[in-house]
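Note sheet for the following structure.
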Amino acid sequence: MTRNRIDQDGEVSEEVRYFIVNFKAAVELFACCVRRHWAIESYHWLLDIVYREDHNQPLNKTAATNLNALRKICLHLLRTLSFPKKNLSYKRKTKSIASHPEVCLK
Numbered sequence: 019m020t021r022n023r024i025d026q027d028g029e030v031s032e033e034v035r036y037f038i039v040n041f042k043a044a045v046e047l048f049a050c051c052v053r054r055h056w057a058i059e060s061y062h063w064l065l066d067i068v069y070r071e072d073h074n075q076p077l078n079k080t081a082a083t084n085l086n087a088l089r090k091i092c093l094h095l096l097r098t099l100s101f102p103k104k105n106l107s108y109k110r111k112t113k114s115i116a117s118h119p120e121v122c123l124k
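Structure, rendered in structure tokens:
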């Protein structure tokens, strides 16, 4: 079981998640597994938000695999590149690179 408390704009909500597993593990190991799972979910959510991955699925499996790899590379580049303005969203960073590609060359 995990509890998640979210305080957003003065409104507090609490989520309780129950996990059913078929192995016996130490609490620390289980907590690590849960955190890894949500890290992966967060990464997929980010890909969907930035690149609308759920709404843009090619029919060809090879094309889908290649496009997924390109999206992940681009997301990694967006994380590592430095921009003049700080705290830009990934979408704004993408638009900035599209209009000023020389940012990538610095």
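Position in the sequence shown (from 1) plus 18 gives the number in the working numbering. All C-beta atoms, glycine included, are put in the ideal place defined by N, C-alpha and C.
*Alpha carbon of E71 to alpha carbon of L65, nearest angstrom*: 6 Å
*Can you check whether the CB of V68 is closer than 9 Å to the CB of R89?*
yes
*Thinking C-alpha only, which one of E59, I115, G28 and A81 is nearest K103?*
I115
_Same chain, Cβ closer than 6 Å to I91, five either side skipped, listed in chain order_ = none
_Once the 5 residues before and after T20 are set aside, which same chain residues still bring their CB inside 7 Å of it?_
R35 and V52
*Whole angstroms is fine: what's the gap from F37's alpha carbon to N86's?*
30 Å
*If we count the other Cβ atoms within 10 Å of its Cβ and call it buried at 16 or more, is L134 buried or exposed?*
The question about residue 134 has no answer here: the residues shown for the chain are numbered 19 through 124.
*asked:* Counting C-beta neighbours from all protein chains within 10 Å, is the total for K113 16 or more, i.e. buried, or is it exposed?
replied: exposed
*Quick one: Cα of A81 to Cα of W63, how far?*
21 Å
*Does the distance from the CB of E29 to the CB of R23 come in under 9 Å?*
no
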